[in-house]
Structures are given as structure tokens and as C-alpha cells.
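Enquirer: Dropping a structure here in C-alpha cells format, bear with me for questions.
Spelled out as C-alpha cells, the structure:
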């Protein structure tokens, strides 16, 4: 191809050596071999191509020395050899024979020696990049006369002091096209020349990583076109100039790693185009100005490692543009972390460690879905760990150590599938180790040391790594992997009995004891109440208060003067009249019984006053004293002989009158003991039933001398019971014979 003018083989992963036969392309003007895997040296013949204008082999694996012929090619306009492994020094006349050279990219190699002053002879040079080599000495003052658009000399071993070495900057002030200067990573020292404030066209200035001292020139605010100012990691002292707020086009301000003092200028809030603000590792004091909340395009905010105090302005948590980092660590900030922190939904890095924040860890942090790094250690946070932190699925590092957090470790943390490091050390956490943490395959480091955790340690995942799992200071932990050397846990039964004794044994015993105590108290109260009621009733009965007193006049009026028409019956010791009192009050002894004839057999149960307190013993229960009311309900009358059964102090009984009753119906023991009881009424009730069934009164002469009705029936039972029982017709006739008496 004798007429070939351009050959571009860039970005093809070509390997091996550059063929020396390419030197035969005598008409070639542009040879592009960049971004491949080429190795070895550049063939010398390529440096003799007579018409070559642009030669680019950057980003390969080439080595050796740069062929000196390239610096004698008057046709050469661009030479790009960056990011290889070339070594050696540049020839002293490097720029003497390059009148058309516009760019020279030699950065990222192993070149040494001084920068040739003859490069200033390449008067068309616009881009000079010698960064990331090992050039030494001072920058030749002549370089400042080149007036390039870009001067990149960073990361070498170049020097400058107050005595000399900064002159090239003075010469650059006459340039009207200079856009960027990169001098970082060298050995420049002394004060920054004030002439730098006259580089009016400058857009980027980097002096980072040197030993420059003194103050930042106040005139720095005159560089209104500046978009990037990087003075980090020097020895600058004094205050940040207020005039820095005039740099209205500034997008990146990096002043970290100096010895700056004083407050953060509120004028920084005027830099509305700012994307990155880093003032970390200085000696700044005062409070954070709320005006920083005006930086609505800010992506990175780093104020760490200063002496800032007070609350963090809420305005900063409204910077939804923050995505790279918010770092306030190692200050003296205090107060509660505002709930507005949850608005930082784009933020990937948050560090608030080493401050005096108090209160709860906001659950709203769970809304910061982009977080990858969250560091809140060494504060005064208390309360529990919010389970909502488990929503941070992309979080890789969570550090809550050295706070006052309490409660259990939320099991939900086991759902954070991307977490690599979890540090909960030096808190007041308690409870068991969540078993779900062993399923976190991404977890490399888990530090729970210095807490009050108890129980069995899981054995899989991070728990199987003695270097990754740190649990010192939790004396009640047991089990786990062998290499952890923890004491064995008790068998399940013993463990259950021991660790859950309070829940499964102690609590039921205490509960039962409480129930018994309550029951005993209730029974005692009821007994005392009943005793008081009985005592009151006794006093009321004896005093005439339990049953109302009725005067003789009222009784005479109620019975029409004891008229014969109201005579119910006559007993041995008096007559019974019926009558209606003015208040329609029923006597206490007129109580319910069962209907006559059909349910007369229930008479003893229904007729006995079981609802009375104290009980009533009738003493003279017989057919003549069983009455039939208007509603066909039986009533028991003739209570002149009735007794109120009272319990005396000795446990015996008393009665309102002496022992009385009708012969044949009264219980035999009444005549011997003199004591009454409800059992005596049961005997009288039985005699009444036998009289109805047998048709014989207990005093019937047909029974024989000295024979009672019960004895008569017992003698005939069961062989001759038919002699005792009458026919059904006779029984019905007998009942009919009693009805008029009951009604009478």
C-alpha cells in the first residue's frame, strides 16, 4: 500500500509487537494504534517516517525508551505515548525541532530527569501532559511562555520554594487561553504566589498533595471562570476567604486536609453550581451555615474531621441531589437526627460517627434506598435498632457501634442480602443472636462484642469464621462453631427449663398463687359478708326489723274484725284468719309451694322455706295446715308453732317458742331433745304423704295401740302393701275429701 495516508487500528485488543514493516509506509500521515495490548519497543523506523503528523499508541504495554527521532520530526503535530511503560529521560533539545507540535502526551510512564526547557520552542504546543512520571527539579520558567490551554505536571517530584520555582506561574499570567493547571502530587512548598489570582481565564486549578503553606490568596475570588479548585492536602492556614463565594461557576471545591480555621463561610451557599464540597480534616469551628441548603445541585458534602458544633440544619436534609456522600463525622455536632433524613433517597454514603447525636436512630433511614455505607458509631444514640433498616437492600456496611442502643438485634437485619460488614459492638444490646444472620452469604464481618447477648450462637455463615465474627464481652453466649471456643449450651430440656424458667415455670406458679390468693380473698370476703348478714338478720329478727310489725288495729281491719268468713282454720293454740293489709304486703312465711293434688308430693321441698335466712322450721306440718291459694298454689299456714332456726354461739339451735306440734305428725326426737330442725319437718311431710296414700290419720284407732302410721306402713311393706294402698278411686275420693279443708 504505497499510497496509504492513515491507518487506524485502535481499540482492537491487538497483541504482540508493532511490526517494523510499518516503516515502509512512507506516505503515512496518521498512525493510530492506541488502546490495544501491544508490547515491546517502538520500532526505530517509525520515527523516520517523513510525512507522519500524528502518532498515537497510548494505553498499551509498550516499554523501552522513546525513539529520539520523534523529537526531530518537523512534520509532527501530535505525539501520544501516555500510559505505557516508557522510561529514560527526554532529550535536552526535545522541542527544538517540533515547530508544528500541538499536543504532547507522555503521562503515565516512568520517565525521569528534568523537564527540558527547550519544550518552550514548540510554540504551537497547546496541550502538555507530563503527569504521573518521575520528573524532578523545578518547572522551567520558559514553560510559562508557551501559553498552553492545558498544563498537566501532577504526580512527579517537581519542586518550588519561596526562593524560586514559582516563576513559571508568573509567566502564565499573560496567557489569554490558559484553561487548566494541574500541579498536584509534587513537592511544591512555600506560599502560593498572589499572581495566581491574575489567571483570569482559568477554569481548573489543582495544587493538591503538596506542601504549600500560608493563606489562600483573597484574590482567588477573581477567578470567576473557575469550575474546579483543588487545594487539598497542603498546609494552608487561616480562614477560608469570604470572596470564594464569588466563584459562581465553581462546581468542585476541595480544601480538605489543610490547617484552615474559623467558620465555614456562609457565602459558600452562593455557589449554586457546586457539585462537590469537601472541607474535611481542617480545624474549622462554629456551626454549619444553613445557607448550604441552597446548593441544590450538590452531590457530595464532606465536613468531617473539624470542630463544628451545634445542630445540623434541617435544610441540608432537603438536598435531594446528594448522592455521593454526606460526611459529618468526627465533629462535635449534637441534637436529634432529624426525621427529614429520609428524604436523601439518592445518597449512597452517610457518615455521622464521632459526634454527640442523641435520641433514636431514625426509622426514616430505611427510606434511603440507595445507601451503601451507613456509619453512626461513637454517638449517644439510644433506644432500639429500627427494623426498617432492613429495607436498605443495597447496604454493604452498617456501623452502629459505641452508642447506647438496647433491646434485641432485629431478626429483619437478616434480610439485608448485600451487607458485608455489620458492627453493633459496644452497645447495650440483649437477647438471642438472630439465627437468620447465618443465612447472609455476603456478610464477611459481624462484630457484636461488648453487649449483653445470650444464648446459642449459630454455626453457619459468618459465625463459622473466627476472624470475621467478633463477640468478646458477651459472657452468656454459648455453642457455635468449634473454633469460637464458646462453652457448650445446655441440652434442650435443661436449656428450656433454665432459660425459660420464668416464662414456663415461675410465671404459672406465680399466676396460680395469685389466683388462689384472689379466690381465698373472695371466699373470705363472702364469708365475712354472710356472717355480717346473718348477724344483722338475727338482730333484725329479734328486734322485729326483719319482719314488719303489724298493729292489732291493722290486723282487725284486714280481717273485718276477725270475722267468721275470714277464718281459715283453728289450731291448738289459736285461729288463722286471712286478710289483706293496706300495703298489699305478704308475710314472710307465705312463700311458694307446689300446686295441690298434682304436685303435692313436692310439698316438702317447695313448702320448706329454703329461701328464708334464717331457715324456718314449721313444727306442725299436716294436711290441715296446707292451704290452697286463689291461683291454685299451695300455702302452709298455722305458724303459731313455727320456729326460726338460729345458730347460737355454741353451734346449737334456738327457737322463738317452746316445742309444740300435733301428736302423730311431730318428730319423736322433739319430745326428748327439745331441739328443732328441718329434718323434723321432713318427718311430718312423710307422715302427711302416708296419710294421703293410706287413708289413715296417724292417730287412727285402726293402727293399734302405740303404733305410729310410719310403723304401720313399714310392717306391711312390701308383701302386704296392697292392704295399705287403696284403689285409685278411693285415693281420688280421699284427695277430694281434703280439698274443702285446704280451701277452708
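Numbering (this note's numbering), first residue to last: 108 to 851. Glycine included, each C-beta is placed from N, C-alpha and C at the ideal position.
Report back the beta-carbon spacing between residue 563 and residue 536 to the nearest angstrom; my notes put them in contact at under 8 Å.
Expert: For this step, residue 563 is matched to residue 456 along the chain shown. For this step, residue 536 is matched to residue 429 along the chain shown. No, residue 563 and residue 536 are not in contact; Cβ-Cβ is about 16 Å, not under 8 Å.
Enquirer: Thinking just about the alpha-carbon of each residue, which of 144, 183, 259 is nearest to the one in residue 160?
Expert: Position 53 of the chain shown holds residue 160. Measuring from the Cα of residue 160, the nearest candidate turns out to be 183.
Enquirer: Out of curiosity, what's the CA-to-CA distance linking residue 180 and residue 155?
Expert: For this step, residue 180 is matched to residue 73 along the chain shown. For this step, residue 155 is matched to residue 48 along the chain shown. Cα-Cα distance, rounded: 8 Å.
Enquirer: Within the segment 229 to 300, note down every full beta strand (DSSP E) run reaching 3 residues or more, in order along the chain.
Expert: Entirely contained in the segment 229 to 300, the beta strand (DSSP E) runs reaching 3 residues are, in chain order, 234 to 236, 241 to 245, 257 to 259, 264 to 267, 287 to 289, 294 to 298.
Enquirer: Could you tell me whether the Cβ atoms of residue 434 and residue 411 are closer together than 8 Å?
Expert: Against the chain shown, residue 434 aligns to sequence position 327. Against the chain shown, residue 411 aligns to sequence position 304. A contact, by the Cβ cut-off of 8 Å.
Enquirer: So is residue 805 buried or exposed if we call it buried at 16+ other beta carbons inside 10 Å?
Expert: Locating residue 805 in the chain shown gives position 698, where the first residue counts as 1. With 16 or more Cβ atoms within 10 Å of its Cβ, residue 805 is classed as buried.
Enquirer: Exposed or buried, residue 214, counting other C-beta atoms within 10 Å across all chains shown (16 or more means buried)?
Expert: Taking the first residue of the chain shown as position 1, residue 214 is located at position 107. The residue in question, residue 214, is buried, as its Cβ has 16 or more Cβ neighbours within 10 Å.
Enquirer: By how many angstroms is the C-alpha of residue 416 removed from the C-alpha of residue 582?
Expert: In the chain shown, the residue the question calls residue 582 occupies position 475. In the chain shown, the residue the question calls residue 416 occupies position 309. Roughly 38 Å separates the two Cα atoms.
Enquirer: Excluding the 5 residues preceding and the 5 following residue 382 in the sequence, name in chain order all residues of the same chain whose CB lies nearer than 8 Å to its CB.
Expert: What you label residue 382 is simply residue 275 of the chain shown in a count that begins at 1. 358, 359, 404, 405, 406, 407.
Enquirer: Provide the residue span of the beta strand (DSSP E) that contains residue 772, from first to last.
Expert: Here residue 772 refers to the residue found at position 665 when the chain shown is read from its first residue. Where residue 772 is concerned, there is no enclosing beta strand (DSSP E), given that its DSSP letter is neither H nor E.
Enquirer: Take every Cβ of the segment 117 to 133, pair it with every Cβ of the segment 142 to 154, and state whether three or more of those distances are shorter than 8 Å.
Expert: Verdict: yes, contact present.
Enquirer: Have a look at 385, 538, 526, 123 and flag the residue whose alpha-carbon is nearest the alpha-carbon of residue 500.
Expert: Working through the chain shown from its first residue, we reach residue 500 at position 393. For the residues 385, 538, 526, 123, the minimum Cα distance to residue 500 belongs to 526.
Enquirer: Rank 202, 332, 123, 385 by C-alpha distance to the C-alpha of residue 167 and give the top, closest one.
Expert: Locating residue 167 in the chain shown gives position 60, where the first residue counts as 1. Residue 167 has its Cα closest to that of 123, out of 202, 332, 123, 385.
Enquirer: Where residue 369 and residue 345 are concerned, what is the direct C-alpha to C-alpha distance, given to the nearest angstrom?
Expert: Along the chain shown, one-based indexing puts residue 369 at 262. Along the chain shown, one-based indexing puts residue 345 at 238. Cα to Cα, residue 369 sits roughly 7 Å from residue 345.
Enquirer: Short of 7 Å in beta carbon distance, which residues of its chain neighbour residue 333, apart from the five on each side in sequence? Order them along the chain.
Expert: Taking the first residue of the chain shown as position 1, residue 333 is located at position 226. Only 309, 310, 312, 354, 356, 357 meet the Cβ criterion.
Enquirer: Work out the CA separation of residue 413 and residue 853 for me, nearest whole Å.
Expert: Because the chain spans 108 through 851 in this model, residue 853 falls outside it and cannot be assessed.
Enquirer: In this structure, how does DSSP classify residue 474 when only helix, strand and coil are distinguished?
Expert: Translated into the one-based positions of the chain shown, residue 474 becomes position 367. Three-state result, residue 474: helix.
Enquirer: Please state the DSSP three-state secondary structure of residue 441.
Expert: Residue mapping note: residue 441 aligns to position 334 of the chain shown, counting from 1. Reduced to three states, the DSSP call for residue 441 is strand.
Enquirer: Which one of 199, 335, 770, 797 has the shortest CA to CA distance from residue 314?
Expert: Reading the chain shown from its first residue, position 207 is the one you call residue 314. Out of 199, 335, 770, 797, 335 has the C-alpha closest to the C-alpha of residue 314.
Enquirer: Beta-carbon separation of residue 232 and residue 208 under 8 Å?
Expert: The count along the chain shown starts at 1 and reaches residue 232 at position 125. The count along the chain shown starts at 1 and reaches residue 208 at position 101. Contact flag set, yes.
Enquirer: Is it buried or exposed for residue 598, if we count other Cβ within 10 angstroms and need 16 for buried?
Expert: The residue you call residue 598 lines up with position 491 of the chain shown. Burial call: exposed.
Enquirer: When DSSP builds the beta bridges, which residues end up paired with residue 561?
Expert: On the chain shown, position 454 is the one that residue 561 refers to. Looking at the DSSP assignment, residue 561 forms a beta bridge with 583.
Enquirer: What residue range is occupied by the uninterrupted beta strand (DSSP E) comprising residue 467?
Expert: The count along the chain shown starts at 1 and reaches residue 467 at position 360. Its beta strand (DSSP E) spans residues 463 to 467.
Enquirer: Let me know the secondary structure DSSP gives residue 764 once reduced to three states.
Expert: Translated into positions along the chain shown, residue 764 becomes position 657. At residue 764, the pLDDT of 43 sits below 50, so the modelled position is not reliable; the number obtained from the coordinates is stated separately. Three-state DSSP puts residue 764 in coil, outside helix and strand.
Enquirer: Quick check: residue 488 and residue 511, are their CB atoms within less than 8 Å of each other?
Expert: Position 381 of the chain shown, counting from 1, holds the residue named residue 488. Position 404 of the chain shown, counting from 1, holds the residue named residue 511. Yes; because the gap between Cβ atoms is below 8 Å, this pair is in contact.
Enquirer: What's the gap between the Cα of residue 280 and the Cα of residue 367?
Expert: Residue 280 sits at position 173 when you count from the first residue of the chain shown. Residue 367 sits at position 260 when you count from the first residue of the chain shown. If I take the Cα positions, the gap works out to 27 Å.
Enquirer: Along the chain, where does the alpha helix (DSSP H) that runs through residue 552 open and close?
Expert: Position 445 of the chain shown, counting from 1, holds the residue named residue 552. Residue 552 -> not in any alpha helix (DSSP H); beta strand (DSSP E) instead, spanning 552 to 554.
Enquirer: Looking only at its chain, what residues have a beta carbon closer than 8 Å to the beta carbon of residue 193, apart from the 5 residues adjacent to it on each side?
Expert: On the chain shown, residue 193 is found 86 positions in, with the first residue counted as 1. Answer for residue 193: 169, 170, 171, 172, 173, 213, 216, 217, 218, listed in chain order.
Enquirer: Quick one: give me the first and last residue of the alpha helix (DSSP H) that residue 799 is part of.
Expert: As a first step, residue 799 is located in the chain shown; it is residue number 692 there, counting from the start. Residue 799 -> alpha helix (DSSP H) spans 785 to 801.
Enquirer: On the premise that residue 276 lies in contact with residue 250, defined as a C-beta separation below 8 Å, what is that separation, rounded to the nearest angstrom?
Expert: Looking up residue 250 in the chain shown gives position 143. Looking up residue 276 in the chain shown gives position 169. The Cβ separation is near 10 Å, so there is no contact.
Enquirer: Do residue 374 and residue 352 have their C-beta atoms closer together than 8 Å?
Expert: Counting from one through the chain shown, the residue named residue 374 turns up at place 267. Counting from one through the chain shown, the residue named residue 352 turns up at place 245. Yes, the Cβ-Cβ distance between residue 374 and residue 352 is below 8 Å.
Enquirer: Once DSSP output is grouped into helix, strand and coil, what is the label at residue 435?
Expert: Along the chain shown, read from residue 1 onward, the residue named residue 435 stands at position 328. It is coil, neither helix nor strand.
Enquirer: Would you decide whether residue 457 is buried or exposed? Buried here means 16 or more other CB atoms lie within 10 Å of its CB.
Expert: As a first step, residue 457 is located in the chain shown; it is residue number 350 there, counting from the start. Its Cβ being crowded by 16 or more others within 10 Å, residue 457 is buried.
Enquirer: From the DSSP output, in three-state form, read off residue 113 for me.
Expert: By 1-based counting over the chain shown, the position of residue 113 is 6. Strand, per DSSP.
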